[in-house]
Amino acid sequence: MTRIQSSLEGLVAAFQERFGAPPTHLSRAPGRVNLIGEHTDYNGLPVLPVALQREARLAFRPRTDGMVVLHDVDDEFEPIEFEVAPGIPPGEPGHWSNYVKGPANELARRYAIWQGFDGLLESNIPVAAGLSSSSAIVTAVGLALAEVNEVHVEERSFAELLADSEQFTGTRGGGMDHAISMGGRPSCAAKITFGPLRIRHQQIPADWCFIVADTGRRAEKSGAVQNLYNMRRTECEEAFSFVVEEVVRSNLVQMIPTDYASLMRAMSVKDLLRVAEGVLKSNLLRRFRHVVTEAARVDEAIDRMRAADVMGFGTLMDASHASLRSDFLVSTVELDELVAIAREGGAAGARLTGAGLGGCIVALTDRSTLDLVLEALVEQYYLPRRLAMRLDERLFLAAPSPGASVEAL
Ligand code: GLA
């Protein structure tokens, strides 16, 4: 886990010490917590995340050649060095350098960039916890490369470019993480839709608190979890083709749906599930059911948020968790336990957040029940497991924050 330990002056001084000259710029990119809409983004369906107060920060200085030389303040991450060009060879699967090479490769491919930088990175986003620590690195690095090479791309297109660039790591992720890291806004959740990317901000009611609680079990999206994640995506694609084949064969639609979004515009969830039950085998049916019901929950959740209906929003979070556990099969004993403790402690709702299979839950409470829920989590989960040291890294309130930026120092 890397943590922002230094002030900006500290980061600048550490840079100077390593590279013998001060940095000229700083890029910063936040992590995120997804409130609802899980495993929908890569199916072209909406999500509702918020950008977090936790972020990756990159101090950098352009070089006169094409090398990227990047250090992390945390020695756990070994320094990396490579030349910016299309066709950069990937590092070993799961190696953090791939999150740096990915955006370099994509920017070189699209814009023939050639200039590198010296950089020093730090981050206080828990690693492999479902809070998008890796996409924050991709975003901070992408912004640094765009800056030194004078590439100017509109925010949403840049977020799409970053999502494409993360495919370099071998995980076939969706576009949520980069979109919210670029487009976060204080006090707001963001409804993000895809193809084309759109972000609509929704003010969060002032007395709603979203608690983020880490199981302490890592979910390495570029490691052990990668295969399962990619497999889920393939299963969703297969389920989609079988259902479309059937709705076309039975003349249930006028135009052939090309993606989940157009399929859901053409038919109700109820009708879609009826068709799916007839044509899909058990595991594909479950994946399909999760995807379409989850997408519907995102729209309902936004209505509940607009109406400041905390219990209504919480109930949808509970339903999302149940679906991720029983239909998408990405929960774990620890995630289920944290969710149960939060609910019994008085939360309006709770669910796993991010890809699952480890990482964090997010729980919703109003201010009056916040302390009770926090206390229940500490006493029933963190203390018995001896995870209460440095507790503020594992258990904190989401403070919806602004999106990424790059500035001259
Ligand atoms: C990971 C991916 C996202 C999204 C979530 C699941 O965090 O990076 O694109 O698919 O899993 O919702």
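If you count the sequence shown from 1, you need to add 5 to reach this note's numbering. Just so it is clear, CB atoms sit at the ideal spot from N, CA and C, and this is done for glycine as well. Nothing here was measured: the structure is a model prediction, and the numbers come from that model.
Item, Value
"Sub-8 Å separation of Glu349 and Ala381 beta-carbons", "yes"
"Residue span of the beta strand (DSSP E) that contains Leu125, given as start and end", "Phe122 to Ser128"
"Beta-carbon proximity of Cys3 to Thr370, cut-off 8 Å", "The structure shown has nothing for residue 3, since the chain only spans 6 to 414."
"Glu97 beta carbon near the ligand GLA (any heavy atom closer than 7 Å)", "no"
"Distance between beta carbons of Asp182 and Ser140, contact taken as under 8 Å", "3 Å"
"Sequence-distant residues of its chain with Cβ nearer than 6 Å to Met6 (five each side left out)", "Low confidence applies to Met6: its pLDDT is 45, below 50, so where it sits in the model is not reliable enough to give any reading."
"Within 8 Å, strictly: CB atoms of Asp323 and Arg270", "no"
"Cβ neighbour criterion (16 or more within 10 Å) applied to Gln259", "exposed"
"C-alpha gap between Ile142 and Val105, whole angstroms", "7 Å"
"Every unbroken alpha helix (DSSP H) within the segment 373–407, with a cutoff of 4 residues, ordered by chain", "396–399"
"Within 8 Å, strictly: CB atoms of Arg66 and Phe122", "yes"
"Straight-line gap, Val147 to Arg205 (C-alpha atoms, nearest Å)", "For clarity, residue 147 is Gly in the given sequence; the question names Val instead. Straight-line Cα distance between these residues: approximately 23 Å."
"Cβ separation of Met1 and Glu160, assumed to be a contact under 8 Å, to the nearest whole Å", "In this structure the chain extends from 6 to 414, so residue 1 is not present and cannot be described."
"Supposed contact pair Met72 and Ile209 - C-beta distance, whole angstroms, cut 8 Å", "About 43 Å separates the two Cβ atoms, so there is no contact after all."
"Buried versus exposed call for Thr144 [16 or more other C-beta atoms within 10 Å across all chains shown]", "buried"
"Sheet register partners of Gln208 (DSSP bridge)", "Cys193"
"Option in Ala313, Gly92 and Arg33 with minimal Cα separation from Asn129", "Arg33"
"Cys365 - partner residues in DSSP beta bridges", "Asp219"
"Beta-carbon spacing of Arg302, Ser325 below 8 Å", "yes"
"Thr7, DSSP secondary structure in three states", "Low local confidence applies: a pLDDT of 49 at Thr7 is under 50, so the model's placement there is unreliable, with the coordinate-based value given in what follows. Coil."
"First and last residue of the uninterrupted alpha helix (DSSP H) at Gln231", "Ala229 to Arg254"
"Distance between Ala109 and Leu150 (C-alpha atoms, nearest Å)", "7 Å"
"Between the CA atoms of Leu112 and Pro91 - distance to the nearest angstrom", "8 Å"
"Own chain residues within Cβ distance below 6 Å of Asn48, not counting five before or after", "Cys241, Tyr265 and Val296"
"Nearest-angstrom Cα separation, counted from Leu396 out to Val383", "9 Å"
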